[in-house]
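Numbering (this note's numbering), first residue to last: 154 to 455. Just so it is clear, CB atoms sit at the ideal spot from N, CA and C, and this is done for glycine as well. Treat the numbers as computed from the prediction; the structure is a model and nothing was measured. What follows is a short report on a single structure.
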Ligand code: 13P
């Protein structure tokens, strides 16, 4: 008899051990959740349902509660857990947020894991904010994700040329800082910057095709050797597959995907929600079967 009450940290640790990746899917519009869940179910694949703060502020997910309620209606714990994605301390518009209150509310609502994003702070301030949230979440019995390094793309200003960014390694997570960060914060999972970037979300750029990012695999290997916890890859849309496959062998146990399923939905949502949902479902099947090659992962994770 398989036990579906496994805690989320156990599942992510197991994924890391086995070199399987757990995808997290962002839900910026509530009706996107149904085709995401259906695709996970139909392919026996394990994934997380996620919402980030910017998705209830700049998109139409409503609130943490509306996402939780929709999740409760649709959930099947053989295939999913509910994760709170990016709650920044300083957001993409450079404003301070009430991150502690937001995360405390998510814990009360029953989210299975939460992310604190202090990556726009100094190392010391990021450590301090993350440590506070780790205490809060661990007291409630759930794991946290934190970020170190600069995964750019959400900011409204223009991005520096990608090739320049990649070649310079500017903003990449430092393996030495990662070691200190994990020891001092007790974060359970670490989001790293290794050439990955987020899909644009500002109103003028969000419909643009995302550039194909690459990953600095030797750099990831150094991070993976310096910390002994699951690593998370944000900006999961449009990364060349050869890099993805190597990253899953070097500690990346969770990958966040938003743009790949949001853009097909947005393209059709004004014609008909059900047509837009089918476009999400088709993209989900392609992601699961071809891009990530994880169909059937639910059977291997439990
Ligand atoms: P993409 O939009 O590139 O898929 O990134 C999603 C993400 O990292 C959300 O946290």
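What is the rounded straight-line gap between the Cα of residue 340 and the Cα of residue 356? Approximately 33 Å, taken between the alpha carbons.
List the DSSP bridge partners of residue 177. Residue 177 is bridged to 201, 409.
Just to confirm, is the Cβ distance from residue 245 to residue 180 under 9 Å? In this structure, residue 180 does not lie closer than 9 Å to residue 245 by Cβ.
CB residue 201 to CB residue 407, shorter than 9 Å? Their beta carbons are under 9 Å apart, which means residue 201 touches residue 407 by this criterion.
Alpha-carbon spacing of residue 231 relative to residue 199, whole angstroms: When rounded, the distance between both Cα atoms is 7 Å.
Does the contact criterion of 3 or more C-beta pairs under 8 Å hold for the stretch 435 to 444 versus the stretch 363 to 383? No, the stretch 435 to 444 does not touch the stretch 363 to 383.
Assigned exposure category for residue 372 - 16 Cβ within 10 Å defines buried: Per the 10 Å Cβ criterion, buried.
Residues in its own chain within less than 6 Å of residue 156 by CB, not counting five upstream and five downstream? Confidence in residue 156 is poor, its pLDDT being 48 and thus under 50, which makes the residue's placement unreliable; the coordinate value appears in the next sentence. Cβ-Cβ distances below 6 Å link residue 156 to nothing in the same chain once the five nearest sequence neighbours on each side are left out.
On the premise that residue 282 lies in contact with residue 269, defined as a C-beta separation below 8 Å, what is that separation, rounded to the nearest angstrom? About 6 Å separates the two Cβ atoms, so the contact holds.
Looking at the ligand 13P, does it come within less than 8 Å of residue 190, judged from the CB to the closest heavy atom? No, since every heavy atom of the ligand 13P falls outside the 8 Å radius drawn around the Cβ of residue 190.
Determine the burial state of residue 460: buried for a count of at least 16 other Cβ atoms within 10 Å of its Cβ, exposed for fewer. Examination of residue 460 is not possible in this model, given that the chain is present from 154 through 455 alone.
To the nearest angstrom, how far is it from the Cα of residue 444 to the Cα of residue 289? Taking the straight line joining both Cα atoms gives about 36 Å.
Rounded to the nearest angstrom, what separates residue 392 and residue 297 at their Cα positions? Cα-Cα distance, rounded: 25 Å.
Would a C-beta distance cut-off of 9 Å place residue 399 and residue 370 closer than the cut-off? Note that the C-beta distance between residue 399 and residue 370 is below 9 Å.
Pop quiz: residue 337 and residue 284 are said to be a contact at Cβ under 8 Å. What is the actual Cβ separation, rounded to whole angstroms? Separation of the CB atoms of residue 337 and residue 284 is rounded to 7 Å, and the pair is thereby assigned contact status at 8 Å.
Identity of the residue in 449, 264, 347, 331 nearest residue 161 by Cα: Looking at the Cα atoms, 264 is the closest of the given residues.
May I ask which residues mark the beginning and end of the alpha helix (DSSP H) holding residue 354? Counting along the chain, residue 354 falls outside any alpha helix (DSSP H), and DSSP gives it neither H nor E.
With a threshold of 16 other CB atoms inside 10 Å of the CB of residue 176, please say whether the residue is buried or exposed. In the assembly as shown, residue 176 is a buried residue. Its beta-carbon has 16 or more other beta-carbons within 10 Å.
Residue 350 Cβ short of 8 Å to the ligand 13P heavy atom set: Residue 350 Cβ: within cutoff of the ligand 13P.
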